[in-house]
Every structure is written in structure tokens, then in C-alpha cells.
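Residue numbers for the sequence shown follow the working numbering, so the first one is 333 and each next one is one higher. The beta carbon of each residue, even a glycine, is placed where N, CA and C say it ideally should be. The model shown is predicted, which means the values in this text are computed figures rather than measured ones.
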Amino acid sequence: MAREEQPQQQHSPKGQAWFCTTGLPSDVVIEVGDMTFHLHKFPLMSKSKKIHDLIMNKESSLARHAGGGEEEGEDEGAGEIREEQVVLEADEEADAHRIRLPDFPGGADAFELAAKFCYGVKLDLTPATAAPLRCAAERLGMSDDHAEDNLVSRADRFMSHTVLRNPRDAIRALKSCEDLLPLADDLGLVSRCVDAIAAKAAASTPTALFGWPINDAGAGDRPRHKKNAGAGATSTLFDDLAGLSLATFTRVIAAMRERGVGPEVLEGALIAYAKRSIPGLSRSDRHTGGGGAAAAAAPRSADGDQKALLETVIVNLPEETIKSSAHTGTAVGATTARVLFGLLRTANILQASEASRDMLERRVASRLPDAAVDDLLIPSYSYLVETLYDVDCVERIVRHFLEGRGGGVEEVDEEGSEAETPGREASRRAMLAVGRLMDAYLGEIATDANLKTDKFCDLAWALPDGARVYDDGLYRAVDIYIKVSAEHILNAILIDACGSMPVLRSRRRRSLCRHIQR
Numbered sequence: 333m334a335r336e337e338q339p340q341q342q343h344s345p346k347g348q349a350w351f352c353t354t355g356l357p358s359d360v361v362i363e364v365g366d367m368t369f370h371l372h373k374f375p376l377m378s379k380s381k382k383i384h385d386l387i388m389n390k391e392s393s394l395a396r397h398a399g400g401g402e403e404e405g406e407d408e409g410a411g412e413i414r415e416e417q418v419v420l421e422a423d424e425e426a427d428a429h430r431i432r433l434p435d436f437p438g439g440a441d442a443f444e445l446a447a448k449f450c451y452g453v454k455l456d457l458t459p460a461t462a463a464p465l466r467c468a469a470e471r472l473g474m475s476d477d478h479a480e481d482n483l484v485s486r487a488d489r490f491m492s493h494t495v496l497r498n499p500r501d502a503i504r505a506l507k508s509c510e511d512l513l514p515l516a517d518d519l520g521l522v523s524r525c526v527d528a529i530a531a532k533a534a535a536s537t538p539t540a541l542f543g544w545p546i547n548d549a550g551a552g553d554r555p556r557h558k559k560n561a562g563a564g565a566t567s568t569l570f571d572d573l574a575g576l577s578l579a580t581f582t583r584v585i586a587a588m589r590e591r592g593v594g595p596e597v598l599e600g601a602l603i604a605y606a607k608r609s610i611p612g613l614s615r616s617d618r619h620t621g622g623g624g625a626a627a628a629a630a631p632r633s634a635d636g637d638q639k640a641l642l643e644t645v646i647v648n649l650p651e652e653t654i655k656s657s658a659h660t661g662t663a664v665g666a667t668t669a670r671v672l673f674g675l676l677r678t679a680n681i682l683q684a685s686e687a688s689r690d691m692l693e694r695r696v697a698s699r700l701p702d703a704a705v706d707d708l709l710i711p712s713y714s715y716l717v718e719t720l721y722d723v724d725c726v727e728r729i730v731r732h733f734l735e736g737r738g739g740g741v742e743e744v745d746e747e748g749s750e751a752e753t754p755g756r757e758a759s760r761r762a763m764l765a766v767g768r769l770m771d772a773y774l775g776e777i778a779t780d781a782n783l784k785t786d787k788f789c790d791l792a793w794a795l796p797d798g799a800r801v802y803d804d805g806l807y808r809a810v811d812i813y814i815k816v817s818a819e820h821i822l823n824a825i826l827i828d829a830c831g832s833m834p835v836l837r838s839r840r841r842r843s844l845c846r847h848i849q850r
């Protein structure tokens, strides 16, 4: 048995032809997609009840017709064949049956393997071919009721004893099921793979999933030495899951959640899926203030799908990773602040729903102490905003951060007023880190001449006094802002002080501005 490989091979009107080289002329021609299989009816009929019944019914009908039976019976019998059509060849192969199998599960490749099985060729099952073969066997009626140790039981045993015991193999099998729906779902193949993956994930240790660390080494962390060492091992699982379709992946996440899989694993898998599916989320694909360029790299036709995917990922992120532990300002989970800010940039670019962006901003707020200044420099994508950066978004994030700490009113207690605890010390370190971060951020946005004075002051006063040990960073930001926006500040002061008094002449204003800049 071999596939013709030479250019002079015969062709059907639709595509290539496949021959079984047994030395006997073929008496059955089966069309599957663009491939035409020239086979023999007895090996096929011995294993496939579907082909057996089709051929037997057709031959019985022809026998009745040859014996002078009613022609109407033949027409009625032919009319009962809906998905498959059996007709006699009218040309050279006058004795050959032709069977058309439209929409055959697994296509020509799956039927070829099933045909080889009918001829007694050793079956080489793999995680990628097990599900297509199982569906093909179901379509052809290759059960043990028709023949002992048939293809249905063979494929089922391989799934149970090999595929479902290895989570990576189960993921590969689940991926192959996506082209076999709804039959694969009706046969329980999808649910079995999903349950196997979720069960294995639930049985893994909190710091490792399926034997590999859960942290995604390439998830946008700050540069590390030897970051490529072992990267293949650490990201293999999440990469496999990220290859699934959104509907299938969401089903796996739901099963993991029902099994009690840790929130850090769920969040890591969701973030990896978003990075795999949406361009520009990786740190290497974006630069400070360059979110628009990253978005431009994505196909415009896919923006709607990317928006739906991103919103689905955000909705499924576990709430546990937002909650702070003992008001420390840090949250449970493995995802870095840099990755979350990347998601927030993308959500703004794709104009995700307000609810999705609010959920993401709250999640970002829980990682704010670990953020860098360039993470906060989120470009403004709205034509209604004059500032270069989205200052309102950062203001909301700071507010969410303070709300997560009980309103942000925690101050540095007087010396000796209360015993120091590890939780209070960690909370104080987190608040000081946010204070330094905001001072540096104010220094960056102070160069924007369109930044209003009240907005700058709101951000400067957003944190409590205990967030700063020294005010040097804040003074530096104010100094930069005054030098850049001196005329705007002067106008605001004059209008506020003089009320309805005529505005000073422009030459006098410029003189005062030069004096301030000195």
C-alpha cells in the first residue's frame, strides 16, 4: 500500500488519487475531500459497518433491478443515503463502487489511517491522531460490535492509557479536537482531555505545574542574566495551552478553577495566552510611549477578535491575585507589574470595555510597588485628551492602590506607640516604593506643557505624608514643571488673585516668566 508520488499519478476531478498496491484491481473508490482512494470492498466491509451496509444495500438494489424488481424500490433505497452517496462507475471501472464521504472528520489523512487499519497495517497512534481516528472510526462504524478489537476500542484505549495520563499529550489531543467539533464533543473526547489537564494541574505543587516552574521566564520581567537558560522548560506548558482556541482555552481555565488550581497558575496561563495571541504585549515588542506602534503591527481586521480575546482574559483573571496580604501592598501571583501594564496599554489601544479596563487597573494597582516609571508612562490614545500621557489612568491606579490599603490614611506612627510587625514593615516599604515611583513619574510628566496645574497638584498630593521620607523628588518635579509651564501657572495665579481685573499685557507676563525661570 503506497501513495503515488510521481507526477504521472492518476487524478480525480478534484485532486490526487491514492492506490492500494495489492495486485488486485480496486472495486471501491472513496472520495474524501480532494483525495480519491482506490481500495477493495472486502477489507473495508470487514471493519466498517457503514461501508458494509452501504455496499450491501446498493448491491441488493442492483440485484433486484437486474431480476426485474420494482425500480421505485431502487429509487427509495438510494434516497435513504443522505450523507454518503453510492453509485456505479459508468466508465472504465464499470464494476467499482464510488462512495463520497463529505465533511469526513479528520479529512483524508484520518481516512487513510483508517483504511490502512482495515488492511491490517500496524496502527501508529499519536496524541495528535488519536482523536481524529476515534471520530473517523465512529463515522465509519468501526466498533467491536462489527469486528473484534476494532478501531473504536483501539483509539479509546490509547486515549485512556497514554494520552490522558500525560498533560502535554492531553493538550495536543485537545487541540486536534477543535477541527472535529461537534462530533468530538459528542463522543466525550473534549471533556475527557479537559478533565485530565485540570486534574493534573490541581495535583501539582503550588510552585510548579506538571513538573515545571509556573513563572513565565519570558513574561516581560526585567532583564535577567542567563534568561534563556531553561526558558524552554519553564514556558512549555503555558505555550501549549496558549495554542488552543479561545473557546477551548476558556473551558480548560473553568475546569482548573473548579478543581481548585491556584490563582497564580490561572493568572499565569491567562497572561501567557494573551501574549501569544495579541501582538505587542511582550516587552521586546514595545518601547516607552510606543504602544501605538505595537498596535499598528497587528492586522486591522483582527482588532475586533483581539478585543474580545483580551476582554475574555481579563474577566477570567482570578480575584485572589488582586487581594493584598495583610495590607502589604503586594498581591498573590506570578505576573509582573510590567506585563499587567502592557495589558492595560493594549486594552486602551483596542478600546476595551470600561468594565474590563477598571478590572485591569485594580489589578495593576495591586502590583504598583513593583512597577517602574516607564510602566506608568501610558500614552494618551484619546483625541479628547491634550496631554501626552494618560494621567487620569495613573491617578485612578493610585486611588485603587490606596483603597486596597484601607483608604491610604496609614501614617508613620510615633516612635514607640506600637510594636513593629513584619506586616507593618512590609506595608511601609510598599508605600515608600510607591512614593518614590510617583515622584519620578511627576518628574517625567512635568515636561508636558499641556499638563494642567490642578492635575499635577492632584497627583502630587494623592499620597499620604507617610509615603515620603524626603521630599527631594517632589521638589525636583515641581521645579521642572514650573520651568516648563511658568506662563500657564502665572496666568492661573493672576486670574485667581485679580478676579475680573484685566490681564497684564503679554510683554509684562513674558518678563515675569523669564524672572521665574532664572
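Please report how far the alpha carbon of Ala463 lies from the alpha carbon of Asn389, in whole angstroms.
The alpha-carbon atoms of Ala463 and Asn389 are separated by roughly 30 Å.
Does the beta-carbon of Val647 have 16 or more other beta-carbons within 10 angstroms, so that it is buried, or is it exposed?
Exposed: under 16 other Cβ atoms inside 10 Å.
DSSP has Pro796 in a bridge; who is on the other side?
Answer is none; Pro796 lacks a bridge partner.
Closest to Val730 by CA distance: which of Tyr605, Ala604 and Ala799 is it?
Nearest Cα to Val730 within the set Tyr605, Ala604 and Ala799: Ala799.
Reducing DSSP to helix, strand and coil, say where Gln348 ends up.
Reduced to three states, the DSSP call for Gln348 is strand.
Tell me Val855's beta-bridge partners as DSSP assigns them.
As displayed, the chain neither begins before 333 nor continues past 850, which places residue 855 out of reach and without an answer.
I'd like the span of the alpha helix (DSSP H) that includes Tyr605, first residue to last.
Annotation: the continuous alpha helix (DSSP H) that includes Tyr605 extends over Pro595 to Ser609.
Which residue comes first and which comes last in the alpha helix (DSSP H) that contains Val816?
Here the alpha helix (DSSP H) through Val816 covers Asp804 to Val816.
From the DSSP output, in three-state form, read off Ala410 for me.
Legend: pLDDT at Ala410 = 39, less than 50; position of this residue unreliable, no value from coordinates given.
CB contact flag (Gly636, Ala697, <8 Å):
One thing to note: Gly636 has its Cβ no nearer than 8 Å to the Cβ of Ala697.
Inter-residue CB distance, Arg591 and Ala530 (contact presumed, cutoff 8 Å):
About 5 Å separates the CB atoms of Arg591 and Ala530; that is less than 8 Å, so the two are in contact.
Which residues in the same chain have their Cβ closer than 7 Å to the Cβ of Asn560, if we skip the five residues on either side of it in sequence?
The pLDDT assigned to Asn560 is 45, lower than 50, so where the model puts this residue is not dependable; a value taken from the coordinates is nonetheless given after this. Here the set comprises nothing.
Since Pro711 sits in a beta bridge, which residues does DSSP pair it with?
Tyr721.
Counting only the same chain and skipping the five closest in sequence on each side, list residues whose C-beta sits under 8 Å from that of Leu519.
Once the five neighbours on either side are set aside, the close Cβ partners of Leu519 are Arg466, Cys467 and Glu470.
Is the beta carbon of Arg768 less than 8 Å from the beta carbon of Gly805?
Going by C-beta atoms, Arg768 is nearer than 8 Å to Gly805.
His493: buried (16+ other C-beta within 10 angstroms of its C-beta) or exposed?
In the assembly as shown, His493 is an exposed residue. Its beta-carbon has fewer than 16 other beta-carbons within 10 Å.
Establish whether the CB of Asp476 and some CB of chain B are separated by less than 8 Å.
Absent here is chain B; the protein component of the structure consists of one chain.
Report the residue ranges of all beta strand (DSSP E) runs contained in full by the region 449-531; include only those spanning at least 3 residues, in chain order.
Correct list: empty.
Between the beta-carbon of Pro459 and the beta-carbon of Val495, is there less than 8 Å?
Between Pro459 and Val495, the gap from beta carbon to beta carbon is short of 8 Å.
Close Cβ partners of Gly564 (< 8 Å) along its chain, the five nearest in sequence each way excluded
Because Gly564 carries a pLDDT of 43, less than 50, the predicted location of this residue cannot be relied on, and no value is offered for it.
Looking at the unbroken alpha helix (DSSP H) that takes in Thr668, where does it start and where does it end?
The continuous stretches of alpha helix (DSSP H) do not include Thr668, and DSSP gives it neither H nor E.
For a quick check, are the C-beta atoms of Leu692 and Leu676 less than 8 Å apart?
Contact: yes.
Classify Pro650 as helix, strand or coil using the three-state DSSP reduction.
Residue state, collapsed to three classes: coil.
Backbone CA spacing between Met367 and Phe443 [nearest angstrom]:
Between Met367 and Phe443, the C-alpha separation is close to 10 Å.
Short of 6 Å in beta carbon distance, which residues of its chain neighbour Asp722, apart from the five on each side in sequence? Order them along the chain.
For Asp722, where only same-chain residues beyond five positions count, the Cβ hits under 6 Å are Ile710 and Ser712.
Indicate the three-state DSSP secondary structure (helix, strand or coil) for Asn680 in the structure shown.
Asn680: helix per DSSP, three-state reduction.
By the DSSP assignment, the alpha helix (DSSP H) with Asp690 in it spans what residues?
Start and end: Glu686 to Ser698.
Candidates Phe673, Asp724, Val361 and Phe733: which alpha carbon is nearest Asp706's?
With distances taken between Cα atoms, Asp706 lies closest to Phe673.
Alpha-carbon spacing of Ile383 relative to Ile362, whole angstroms:
Going by the C-alpha atoms only, they are around 10 Å apart.
Rank Asp511, Ser759 and Thr580 by C-alpha distance to the C-alpha of Asp527 and give the top, closest one.
Per the C-alpha coordinates, the member of Asp511, Ser759 and Thr580 positioned closest to Asp527 is Thr580.
With a Cβ-Cβ cutoff of 8 Å, do Lys639 and Ala687 count as a contact?
Contact annotation: Lys639 and Ala687 have beta-carbon atoms that are not nearer than 8 Å.
Under the rule that 16 or more other beta-carbon atoms within 10 Å means buried, what is Thr779, buried or exposed?
So Thr779 counts as exposed.
Would you decide whether Arg524 is buried or exposed? Buried here means 16 or more other CB atoms lie within 10 Å of its CB.
By the Cβ neighbour-count rule, Arg524 is buried, with 16 or more other Cβ atoms within 10 Å of its own.
Distance, Cα to Cα, Leu299 vs Arg504?
Residue 299 lies beyond the stretch modelled for the chain, which goes from 333 to 850, so this question has no answer here.
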